[in-house]
Amino acid sequence: MPKYLQINLNCCKAAQALLHQVAAEEEVDFVLTSEYNREEGSNWYADTTGKAAIVNTNKTRLNKEGLGEAGFRWVEVHGLRLYACYWSPNSTIQEYKDFVNRLERSIRSEATEILVTGDFNAKHAEWGCPKNDKRGDILLDMINSAGLVMCNKGQESTHAKGSIIDLTIATPRTAQSMTKWKVLDRESLSDHYYILFETTPGLPKNELRRNRIDAKKLETLLKSDDLSRTLDMCTDANQSALAITDAING
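Written out as structure tokens, the structure reads:
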């Protein structure tokens with residue numbers, strides 16, 4: 525089964541050097557990292573900000589490679605689209621909302637199994653935090669709308685200060701196939717902890733995902749004149765669905 529290692533390296537050169545040793549010892553296939561020190565080769569797939577990257581440690585043949593965007597990058601392998609994400613806690617709420625909306629559009633752009641990882645700097649009781657914040661509300665709305673589920677287990681912290689901001693999110697089928705998700709009890713030389721997990725390969729493509737929409741927001745949108753003007757500009761059903769989602773989340 526493919527094995528994944530998830531970590532925020534806090535831009536630390538020593539932490540990145542140690543990462544390679546840990547990945548080799550754990551026989552990891554993909555490293556999903558944020559705030560790394562630097563890219564190290566052609567098997568690194570990074571976002572446009574240099575803050576999130578997927579490392580194809582065994583140089584597994586990929587089905588597709590997504591173009592990097594600000595805050596995330598994806599690759600597809602064995603019918604599973606993998607995302608590495610990072611967004612700064614110092615951004616404005618509107619900037620965070622824009623990031624999450626772009627991520628959702630990417631997730632919805634193709635009907636395939638999805639695995640999203642990263643440091644989202646968002647807090648919510650849904651993934652074990654004692655209090656919710658605005659970023660957590662925004663992220664949870666997207667998770668529900670896109671038909672995804674949380675894969676973090678219990679209330680185990682992923683950061684030295686006790687917070688849970690490093691998240692693993694997936695489509696339900698991928699979440700069901702995930703085994704051995706755990707926070708590793710070993711030194712990372714970062715203020716974040718390693719997360720290790722496995723998935724079952726060969727998941728069927730084009731799995732139908734049931735996306736949940738806020739009924740009250742949808743009702744308000746359907747009564748407005750903005751909807752008809754927006755839909756008139758769309759050329760197909762996918763564009764229409766994305767336009768409606770953007771309007772609800774906006």
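The number in the numbering used here is simply the position in the sequence shown, starting from 1, with 524 added.
For glycine and all other residues, C-beta sits at the position ideal for the given N, C-alpha and C.
Presumed contact (8 Å Cβ cut-off) between residue i and residue j, rounded CB distance
i       : j       : result
Ile-638 : Arg-597 : Their Cβ separation, rounded to whole angstroms, is 14 Å, which puts Ile-638 and Arg-597 out of contact at 8 Å.
His-716 : Asn-534 : 6 Å
Thr-723 : Val-707 : Not really, about 17 Å apart at Cβ, beyond 8 Å.
Tyr-569 : Val-599 : 5 Å
Tyr-607 : Thr-584 : Their Cβ separation, rounded to whole angstroms, is 16 Å, which puts Tyr-607 and Thr-584 out of contact at 8 Å.
Leu-746 : Glu-550 : Actually they do not touch by this definition, with Cβ atoms about 50 Å apart.
Outcome for residue i when other beta-carbon atoms lying within 10 angstroms are tallied against a minimum of 16
i       : result
Pro-728 : Summary for Pro-728: the model assigns pLDDT 49, below 50, so the residue's position carries little reliability, and this model does not support an answer.
Asp-643 : buried
Ala-635 : exposed
Ala-649 : exposed
Asn-580 : buried
Lys-621 : buried
Ile-688 : buried
Ile-617 : exposed
Met-525 : exposed
Ala-684 : exposed
Thr-698 : buried
Ala-694 : buried
Leu-529 : buried
Ser-669 : buried
Lys-647 : buried
Ser-633 : exposed
Ser-714 : buried
Leu-749 : Strictly speaking, residue 749 in this sequence is Asp, with Leu absent from that position. With fewer than 16 Cβ atoms within 10 Å of its Cβ, Asp-749 is classed as exposed.
Arg-734 : Model confidence at Arg-734 stands at a pLDDT of 47, short of 50, so the residue's coordinates are unreliable and nothing is read from them.
Leu-732 : Residue placement at Leu-732 is poorly supported in this model, since its pLDDT is 43, which falls under 50; the coordinates still yield a value, given next. Exposed, by the Cβ-count rule.
Nearest neighbour of residue i, chosen from the options [CA to CA]
i       : options                               : result
Ala-538 : Phe-554, Glu-550 and Glu-559          : Glu-559
Ala-541 : Lys-658, Glu-563, Tyr-528 and Glu-722 : Glu-563
Leu-691 : Pro-526, Ser-566, Glu-550 and Cys-609 : Cys-609
Lys-575 : Leu-586, Tyr-528 and Trp-611          : Trp-611
Leu-586 : Phe-554, Pro-613 and Thr-573          : Phe-554
Thr-573 : Ala-699, Lys-588, Pro-725 and Gly-592 : Gly-592
Asn-614 : Gln-700, Asp-571 and Arg-659          : Arg-659
Val-624 : Val-601, Ala-594 and His-602          : Ala-594
Ala-548 : Lys-527, Pro-654 and Asp-657          : Lys-527
Ile-578 : Gly-652, Leu-556 and Ile-531          : Leu-556
Glu-628 : His-602, Val-601 and Ile-667          : Ile-667
Ser-630 : Glu-619, Glu-589, Arg-710 and Asn-532 : Glu-589
Bridge partners - residue i, DSSP secondary structure assignment
i       : result
Phe-721 : Tyr-528
Trp-568 : Val-579
Asp-643 : Tyr-610 and Asp-690
Met-777 : There is simply no residue 777 to check, as the chain begins at 525 and stops at 774 in what is shown.
Asp-597 : In the sequence as displayed, the identity of residue 597 is Arg instead of Asp. BP columns for Arg-597 point to Ala-608.
Lys-658 : Lys-658 is not bridged to any residue.
Ile-638 : Arg-605
His-683 : His-716
Leu-556 : Gln-530 and Ile-578
Val-707 : Ile-719
* Any contact of the segment 655-664 with the segment 675-686, i.e. 3+ C-beta pairs under 8 Å? -> no
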